[in-house]
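In the numbering used here, the protein residues as written are 179 to 396. Structure first, commentary second.
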Amino acid sequence: MTVKIAPSILSADMARLAEEIAEVERAGADMIHLDIMDGHFVPNLTFGPPLVRWLRGATRLPLDAHLMVTDPDPLVGPLAAAGTARVAVHVEACVHLHRTLASIRDAGMSPGIAINPATSPCLLDTAVQWADFVLVMSVDPGFGGQAFIPEALATVRRIRELGDVEVAADGGVAPSNAGALARAGAATLIAGSAVFGAPDRRAAIAAIRRAAEEGERA
Ligand code: DX5
Ligand code: ZN
């Protein structure tokens, strides 16, 4: 299994966003991760569908939206219209998770469930079958550059046991933990500061990929 690398633009130079995205695309990224924050579900505030529409024109890579918002439903239609490929909503935010995941799929996008580090994976026992992927948070969402929470590894393993679902890991991902994440079953690694904080983005992506592949083989 080849691990996919999704740089998160949260740590990019937002004043040069199109160039930053083009650079990681050339450097071997598989997807572009978009952290959409509302200032309520998390203390931080980022951007919404209008910016996503502009970014759609800046890359050929799939756009992977991670909704850290208390009310994701009104964003589904606009994100689909903006050309988003994948949308993850938080299990902690969705009262009617089945309906929200179905609306993402009906809008032509791939639905995912995001889960915080403190939330038990048991909560996904039933819902996992309605999602294409589970985004396991390995930091408390809201900010880039935080330290990896190692208990997320057990969550990755537990989710993999629940069914045939892709697991993505998000938060504090670096070459130092990419091997353990891949071995636990993460197929997609989302990395913000480890990619955009590095002067050589190609080397940064390659280092994460190499560590993941070594971890899988170990
Ligand atoms: C955190 C976001 C992450 C973040 C990762 O709330 O969901 O996607 O950008 O950044 P790093 O890799 O720096 O932890
Ligand atoms: Zn994210």
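Where is the CB? At the ideal position from N, CA and C, for every residue including glycine.
Distance between P228 and R335, taken at the CA atoms: about 36 angstroms. One Cα belongs to N222, the other to E339, and the distance between them is close to 33 angstroms. Taking C-beta atoms as the reference points, I214 and T237 fail to come closer than 8 angstroms. In terms of Cα proximity to P240, the closest of D303, P185, A352, A347 is P185. In this structure, the straight-line span from the alpha carbon of E392 to that of E203 is close to 23 angstroms.
S186 has its Cβ nearer than 7 angstroms to a heavy atom of the ligand ZN. Beta-carbon to beta-carbon, G350 and V317 are separated by about 5 angstroms, close enough to satisfy the 8 angstroms threshold. Taking the C-beta atoms as reference points, V247 is found no nearer than 8 angstroms to S281. Pairing G341 with S371 gives a Cβ-Cβ distance that is not under 8 angstroms. Looking at the DSSP output, V265 sits in a beta bridge with A243, P289. Nearest to D303 by alpha-carbon distance, out of R283, P328, H276, is H276. By a beta-carbon distance limit of 8 angstroms, V343 does not contact V314. Their separation comes to about 11 angstroms. Pairing R264 with D242, the inter-Cα distance amounts to about 5 angstroms.
Sixteen is the threshold: since fewer than 16 other Cβ atoms of the shown chains lie within 10 Å of the Cβ of P328, the residue is exposed.
At the C-beta level, T262 and V220 stay beyond 8 angstroms of one another. F311: member of the beta strand (DSSP E) spanning 311-315, first to last residue.
Not a single heavy atom of the ligand DX5 lies less than 7 angstroms from the C-beta of G261.
Taken through DSSP and simplified to helix, strand or coil, V343 comes out as coil. If the five residues before and after R388 are omitted, its C-beta is found closer than 8 angstroms to the C-beta atoms of P353, all from its own chain and listed in chain order. Distances from the CB of D303 to the heavy atoms of the ligand ZN are all 7 angstroms or more. Rounded to the nearest whole angstrom, the C-alpha separation of I183 and L367 is 5 angstroms.
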